[in-house]
Each structure stands twice: as structure tokens, then as C-alpha cells.
Amino acid sequence: MKPTLGVCYYPEHWPEEMWADDAARMVETGLTWVRIGEFAWSRMEPDPGDLQLDWLDRAIETLGSAGLKVILGTPTATPPRWMLDKHPDMLAVDAEGRPRKFGSRRHYCFSHQGYLEDCRRITRILAKRYGRNPHIQAWQTDNEYGCHDTTISYSDAAREAFRDWLAQRYQSPDVLNRAWGNVFWSMEYRDFNDIELPNLTVTEPNPAHVMAFRRFASDQVVRFNRAQVDIIRRHSDAPILHNYMGRVTDFDHFDVGADLDIASWDSYPIGFLSDRLGADEAQKKRFLKQGDPDFQAFHHDLYRAVGRGRWWVMEQQPGPVNWAPWNPAPLPGMARLWAWEAFAHGAETVCYFRWRQAPFAQEQMHAGLLRPDSQAAPALAEAAQVAREIEQLPDTDPAQADVAIVFDYASQWAWEIQPQGADFDYFALVFDTYRALRRLGLNVDFLPPDSGDLSPYRAVFIPGAVTLKSGLLEALATYDGLAVLGPRTNSKTDEMAIRLPLPPDLPGLDATVSLVESLPPGAEMPLAEGGANTRWFEALEGATDVVETTDDGRPYLVREGNLLYLAGWPDDTAFARITARVCKEAGLSTVEMPGGLRQRLTAGHRFLFNYNAVPVTHDGITIPAAGVHWQAQ
Ligand code: GAL
Numbered sequence: 039m040k041p042t043l044g045v046c047y048y049p050e051h052w053p054e055e056m057w058a059d060d061a062a063r064m065v066e067t068g069l070t071w072v073r074i075g076e077f078a079w080s081r082m083e084p085d086p087g088d089l090q091l092d093w094l095d096r097a098i099e100t101l102g103s104a105g106l107k108v109i110l111g112t113p114t115a116t117p118p119r120w121m122l123d124k125h126p127d128m129l130a131v132d133a134e135g136r137p138r139k140f141g142s143r144r145h146y147c148f149s150h151q152g153y154l155e156d157c158r159r160i161t162r163i164l165a166k167r168y169g170r171n172p173h174i175q176a177w178q179t180d181n182e183y184g185c186h187d188t189t190i191s192y193s194d195a196a197r198e199a200f201r202d203w204l205a206q207r208y209q210s211p212d213v214l215n216r217a218w219g220n221v222f223w224s225m226e227y228r229d230f231n232d233i234e235l236p237n238l239t240v241t242e243p244n245p246a247h248v249m250a251f252r253r254f255a256s257d258q259v260v261r262f263n264r265a266q267v268d269i270i271r272r273h274s275d276a277p278i279l280h281n282y283m284g285r286v287t288d289f290d291h292f293d294v295g296a297d298l299d300i301a302s303w304d305s306y307p308i309g310f311l312s313d314r315l316g317a318d319e320a321q322k323k324r325f326l327k328q329g330d331p332d333f334q335a336f337h338h339d340l341y342r343a344v345g346r347g348r349w350w351v352m353e354q355q356p357g358p359v360n361w362a363p364w365n366p367a368p369l370p371g372m373a374r375l376w377a378w379e380a381f382a383h384g385a386e387t388v389c390y391f392r393w394r395q396a397p398f399a400q401e402q403m404h405a406g407l408l409r410p411d412s413q414a415a416p417a418l419a420e421a422a423q424v425a426r427e428i429e430q431l432p433d434t435d436p437a438q439a440d441v442a443i444v445f446d447y448a449s450q451w452a453w454e455i456q457p458q459g460a461d462f463d464y465f466a467l468v469f470d471t472y473r474a475l476r477r478l479g480l481n482v483d484f485l486p487p488d489s490g491d492l493s494p495y496r497a498v499f500i501p502g503a504v505t506l507k508s509g510l511l512e513a514l515a516t517y518d519g520l521a522v523l524g525p526r527t528n529s530k531t532d533e534m535a536i537r538l539p540l541p542p543d544l545p546g547l548d549a550t551v552s553l554v555e556s557l558p559p560g561a562e563m564p565l566a567e568g569g570a571n572t573r574w575f576e577a578l579e580g581a582t583d584v585v586e587t588t589d590d591g592r593p594y595l596v597r598e599g600n601l602l603y604l605a606g607w608p609d610d611t612a613f614a615r616i617t618a619r620v621c622k623e624a625g626l627s628t629v630e631m632p633g634g635l636r637q638r639l640t641a642g643h644r645f646l647f648n649y650n651a652v653p654v655t656h657d658g659i660t661i662p663a664a665g666v667h668w669q670a671q
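The numbering used here applies: residue 39 is where the sequence shown begins, and numbers increase by one.
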């Protein structure tokens with residue numbers, strides 16, 4: 039596969055006289071794609087029903103006839119001000135009961151039926167008008183669902199829709215009461231219409247209630263997205279994408295992805311390092327101008343799974359952003375490295391965000407490929423270099439990964455609702471597992487929680503998955519690779535109750551978690567073979583083989599046949615040892631990657647990415663700071 043490059047562009051921000059030059063310059067840079075339209079509703083329809091699309095026709099024609107393929111975004115993340123006059127109650131409401139105001143973006147509640155109808159209407163207008171336009175080669179629905187904490191809303195519309203959702207799921211209040219255990223604290227309901235949203239309760243609401251609400255909120259995103267997809271498909275054969283984000287887990291991306299043709303995500307490595315990863319100060323300092331060496335790859339691999347093999351980076355950081363606590367400029371070379379790393383993980387396309395830095399409004403401090411005065415910003419030359427290199431490189435077809443991790447959005451919600459220890463975080467646990475495997479030089483795939491086929495992998499890790507689905511349990515029963523489960527895996531029912539028989543309740547593994555404890559920072563438990571357990575520990579009973587113990591002799595990693603269970607959260611040292619031990623036993627060849635250097639194998643090449651600010655020598659090859667190296671293999 040030959041990957042391609044693109045850019046995000048806002049014709050409505052610039053005088054029309056500039057469009058043709060911009061388009062020519064994009065083509066000259068070697069860009070193939072241009073994404074437009076996703077925030078332009080107030081220019082498409084300045085007054086209700088007054089459609090002004092001639093400018094968009096001309097923009098598409100100008101860009102398309104210059105040779106660019108256009109991705110058209112539906113503008114539903116930015117309803118114009120008049121929409122609020124039409125639907126005064128369409129705003130999302132925060133947990134304190136306050137409506138979120140107009141004046142930025144994403145000011146809508148997913149459950150508002152009237153706004154959904156208007157989204158259908160504008161989508162239909164665009165799909166009919168441009169569905170067969172040869173320049174429109176892809177569609178984007180909305181923009182970054184969930185961004186700015188917008189998945190969850192405590193509005194009246196959400197409450198009504200939640201009651202309907204509950205009635206459909208449980209059929210009768212008695213069934214719901216039993217499922218949730220509402221006899222506790224006399225929380226029993228006599229009518230679905232008595233059930234409130236789980237905010238503003240005196241103390242914590244029932245975890246089953248919150249879990250139902252989180253599932254509902256996720257389903258509302260799916261429904262909202264599907265409404266647009268169904269319309270676009272009727273009028274266009276072009277693929278439909280959505281641009282997801284980094285570390286956003288409030289809705290089930292696999293469920294949304296099932297309705298789309300291609301997944302994409304917005305990658306801001308330097309912003310994410312300082313504001314989304316929870317990295318320690320040393321890590322932040324070391325990778326200040328590069329981003330974390332595993333965060334991008336993690337999402338590339340996750341979104342490859344969400345897109346069932348097809349995925350893009352829809353927005354790639356080109357220079358300093360405006361929204362992190364501090365916004366350093368990338369090291370020279372990083373705008374190239376990030377693109378190549380995405381391609382090596384199978385991205386079909388990487389689009390830089392954005393073409394020209396806007397001198398006005400919220401993102402005026404956010405770099406583009408061009409400065410506000412249209413001079414080249416540093417990333418322009420790097421994008422052009424990537425475009426030239428794509429021509430020289432034969433392909434980036436994927437190689438089969440040998441190891442996989444199951445990722446389950448519902449587990450993130452479960453552990454947010456009931457963390458038990460303040461720093462128990464599902465995403466962080468999965469990320470630590472992923473990092474440990476990447477440090478061994480392995481290609482890693484992610485699998486959805488209902489995966490029924492594990493056979494392509496020699497080892498599968500299922501950390502923290504709250505409730506194992508029947509398909510995955512069946513797949514485990516016939517799997518002949520090594521499966522590593524725990525901590526907390528399969529510890530709850532679908533309704534957030536403790537399983538009986540006690541967890542992990544896995545056929546073929548005679549181990550029972552008899553007690554769990556959470557541990558504050560500083561209470562690490564040394565392990566017999568080195569390193570320590572952190573944050574979480576489970577006492578295990580049963581007759582399984584003990585592979586590793588704590589320093590004081592308690593089982594830590596146990597095994598029966600090809601099933602292993604991990605009773606806690608290892609620190610870096612212990613994770614490195616345990617993953618290496620499992621991979622060795624599974625017959626995988628691993629390497630110990632030098633710090634900040636990562637590799638990725640494609641069908642024909644081995645890629646090395648140096649996230650360090652200094653050159654690194656590995657296997658006799660010296661890779662410069664922020665450098666990329668590839669060789670045929
Ligand atoms: C993304 C968003 C873009 C832009 C960008 C700035 O989250 O989709 O519209 O705001 O961030 O970094």
C-alpha cells in the first residue's frame with residue numbers, strides 16, 4: 039500500500055482569492071487530501087433554512103480541480119447561534135445541572151431529538167448535493183465525539199431517553215431492581231419514570247445505575263453518528279470516517295466504528311504528553327519536544343482495530359498547539375517521524391492540522407503548515423519530505439502481529455465508577471501492558487472485547503476486562519497460545535456485581551481471588567524476582583502452578599495450562615520481566631529496545647523511530663535524534 043498525505047483546510051477563513059494558490063501549494067507539497075467543512079455551518083446556513091452553498095461548491099471545485107481529493111465534514115459539532123433559538127434546551131448539561139453555553143463548539147446534547155433532526159437535515163442537504171461530486175472522495179461525520187467532555191449530559195432530553203433505554207433493556211422495574219440490587223438502601227423503583235440520572239445524589243449512586251447510564255450515553259453517540267451515516271450512504275459511495283481522539287474512552291469506539299468504513303484519530307503527541315498521559319516529570323522533560331514514544335503507536339494500533347484494518351490520522355500536530363499547559367515546538371524531524379510511524383502501523387493517510395495558522399479566534403496560537411502570513415512554517419518542508427519519501431518507498435503493507443491485547447471501553451467505565459483505589463485506571467493498566475510489549479520490539483494488535491478468534495496470536499493479554507463476553511470465553515477455551523489475564527479480569531457481572539463463584543471464575547484455571555486491596559503510592563510490594571507490585575493486589579487461593587510470588591511468598595503470577603493470571607499491577611521492571619517471560623515461552627523472539635527507540639515491522643520493512651533528542655545506535659545502525667530509519671527485511 040502507498041500511503042498518502044493530506045491537510046485540514048478552512049476555506050471559509052480566507053478570502054476566496056487565496057484558495058487557488060493554497061490548492062496549488064498543497065499539490066506542490068505532495069499532499070493528496072484536503073479536509074474541509076466540519077465547522078462551517080454558520081456559513082452554510084446563516085439563517086434557518088437560508089442555504090448558502092455556492093461558496094462551498096466553488097471551494098470544492100477549486101481544490102478538486104487542482105488535483106486534491108476532498109474529505110467533506112458534516113458541520114454538526116458547531117450548530118450556529120440561531121439553532122439555540124430553535125431548540126433552547128439542546129445544550130448539554132453538566133453534572134452540577136448547569137447548561138453548557140454557546141460560544142465555542144460541541145454545544146449540544148446527543149439525546150436532543152430536535153437537534154438530531156436538524157443534523158439529519160443538514161447532512162441530507164450536503165449528501166444530496168455532493169454525494170456524486172467526483173472531488174468528494176471521503177466524508178467525516180461531526181468532529182471528535184466526546185471532545186471537551188461532551189459525551190455525558192444530564193439534560194432533560196437525556197433523562198427521558200435514558201428511561202426509554204432502561205425500559206427496553208429491563209422490561210420491568212422489578213427486573214431492574216433485582217439486577218441493580220436496589221434493595222440496598224431502599225432504592226427500589228416502582229416505575230421507570232421514577233428513575234433519575236445518576237448525578238446530584240447525596241452520596242455515590244449505585245454503581246449499576248451509573249454503569250447503565252454510561253452504556254446509554256455511549257449508545258447515544260452511536261445513534262447520533264448512525265443517523266448521519268445512513269443518510270450519506272444513500273447518496274454517496276465514498277468512505278465515511280470519524281476523527282476520534284487520544285485517550286478518550288467515554289463511548290465505545292468499536293460500536294461507533296462498526297457503522298463507519300475507516301477509523302481515524304487526531305494525533306497531538308506533544309500536547310498529549312503534557313496533558314493526557316499522566317507521565318512523570320522526568321518523562322515529560324525527556325520527551326518534551328517529541329511526545330511519548332508509545333502513546334501514538336498505542337492509538338494507531340487501537341484505531342486499526344476500531345477501523346477493522348482501515349484507519350487514518352485525520353489531524354497530525356505540525357508545530358506548537360495552543361491547548362496544553364505548555365506548548366513547546368517539536369524537535370526538527372518529528373513532523374516527519376510521526377507521519378512515518380503512522381504509516382508503519384498501517385495508516386492509509388496522515389493529514390496535518392492545519393494548512394495555515396489562523397490569526398484570529400481560539401486557535402490563533404496553534405501552528406499550521408503555513409504561518410499566518412502564508413510563509414512556510416517548519417513542518418511544511420517535513421511534509422514535503424515525507425511526500426517524496428512515499429514515492430521512493432515500495433510499500434507499508436502490514437505484517438501479522440504475534441501478540442494482542444484486548445481493549446474494552448466498558449471496563450474503563452466500570453473502573454471509573456468503582457476504582458477502589460484512587461489511581462486504578464484501566465487505560466493506564468492497558469497502556470503499561472502495551473508499553474512493556476513494545477519495549478520488546480513486538481508488533482501489537484488490539485482486539486475488541488467480543489473477539490471470537492485469538493488463533494492468529496501466540497500470546498494474548500486481557501488486563502482488567504471487567505466482564506468477559508461469551509465469545510471471548512469460548513475463544514479462550516480453544517486457544518492454544520498463552521493468555522494472560524488479570525488483575526480484575528472477569529471480576530464483575532454485566533450489572534457491576536461481584537461474580538459468584540468468585541472471580542476470575544475461568545474454566546480451566548483453579549484460582550480464586552479471595553481478597554482485593556488497593557495500595558497508595560509508596561506502598562509498593564517487592565516481588566521475589568525483582569521489581570514491585572503497585573496500586574492493586576489480589577490474594578489468590580487454589581491449586582494452580584505458582585510462577586511468580588511476592589517477596590513474602592504470596593502467589594503473584596499463577597498458571598494452569600495456557601492460562602495465566604496476574605494478581606496485581608507490576609511496576610516497569612516487573613512488567614518487563616513478566617512480558618518477556620510470557621513471550622519467550624510463547625516462542626516469540628524479542629529484543630530489548632534502547633530507551634526511546636521503538637521498532638515496527640511491516641511486511642517488507644523494519645522501521646526504527648528515535649524519540650530521543652540524541653542519536654541512538656542499535657544493531658549497528660545510528661539513528662539521529664528524531665530520526666526514522668527503515669530497511670528492507
Ligand atoms: C482537535 C480538533 C481540531 C482542533 C485541534 C487543535 O482536537 O479536532 O478542530 O481544535 O484539536 O489542536
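Just so you know, even glycine gets a beta-carbon here, dropped at the ideal spot from N, CA and C. Since the structure is predicted, the reported quantities are computational estimates derived from the model, not experimental observations.
- Per DSSP, the beta bridge partners of G111 are Q178.
- Taking 7 Å as the cut-off, the C-beta of Y227 does not count as close to any heavy atom of ligand 1.
- By the criterion of a C-beta distance shorter than 6 Å, L553 is surrounded in its chain by A577, once the five residues flanking it on both sides are discounted.
- CA-to-CA, the gap between P410 and E50 works out to about 15 Å.
- Residue ranges of uninterrupted alpha helix (DSSP H) with 4 or more members, entirely inside the stretch 270 to 324 and ordered along the chain, are 291 to 295, 307 to 313, 319 to 324.
- Within 7 Å of the C-beta of N281 there is at least one heavy atom belonging to ligand 1.
- Sixteen is the threshold: when 16 or more other Cβ atoms of the shown chains lie within 10 Å of the Cβ of E420, as they do, the residue is buried.
- By the Cβ criterion, the stretch 206 to 216 is not in contact with the stretch 167 to 186, since fewer than three pairs of Cβ atoms, one from each stretch, lie closer than 8 Å.
- Of the heavy atoms belonging to ligand 1, at least one sits nearer than 7 Å to the Cβ of W361.
- Assignment of H667 by DSSP, reduced to helix, strand and coil, places it in the strand class.
- S556 sits in a strand when the DSSP states are folded into three classes.
- In this structure, N181 has its CB closer than 7 Å to one or more heavy atoms of ligand 1.
- The DSSP assignment places complete beta strand (DSSP E) segments of no fewer than 3 residues inside the stretch 463 to 516 at 482 to 485, 497 to 500, in order along the chain.
- Counting along the chain, G152 sits inside the alpha helix (DSSP H) bounded by residues 151 to 168.
- Secondary structure at P564: strand, using DSSP grouped into helix, strand and coil.
- Of the candidates G141, G665, I659, L315, G665 places its Cα closest to the Cα of W378.
- Proximity of the beta carbon of H404 to ligand 1 is indicated: a heavy atom of the ligand is located closer than 7 Å.
- Taking every protein chain shown into account, the CB of Q413 has fewer than 16 other CB atoms within 10 angstroms, so this residue is exposed.
- R138 has its alpha-carbon roughly 7 Å from the corresponding atom of D132.
- Per the DSSP secondary-structure output, L604 pairs in a beta bridge with L595.
- H656: member of the beta strand (DSSP E) spanning 654 to 656, first to last residue.
- Where G102 is concerned, the enclosing alpha helix (DSSP H) starts and stops at 92 to 103.
- Here S312 is buried, its C-beta having at least 16 other C-beta atoms within 10 Å.
- Residue pairing for Y390: DSSP places it in a beta bridge opposite V45, Q354.
- Here the alpha carbons of Q206 and E623 stand approximately 47 Å from one another.
- At the C-beta level, H280 and L298 come within 8 Å of one another.
- In this structure, the straight-line span from the alpha carbon of H383 to that of D88 is close to 44 Å.
- A residue is called buried once 16 or more other Cβ atoms fall within 10 Å of its Cβ, and F462 is buried on that count.
- At a threshold of 7 Å, Y341 does not count as near ligand 1, since its beta carbon sits no closer than that to any of the ligand's heavy atoms.
- F391 has its Cβ nearer than 7 Å to a heavy atom of ligand 1.
- Assignment of K124 by DSSP, reduced to helix, strand and coil, places it in the helix class.
- Cβ neighbours of W218 within its own chain (closer than 7 Å, five residues either side excluded): N244, A246, H247, E533.
- The bridge partners DSSP lists for A442 are D483, V498.
- One thing to note: P53 has its Cβ no nearer than 8 Å to the Cβ of S80.
- Burial of Q395 is indicated by the presence of at least 16 other C-beta atoms within 10 angstroms of its C-beta.
- Here the distance from the Cβ of Y208 to the nearest heavy atom of ligand 1 is not below 7 Å.
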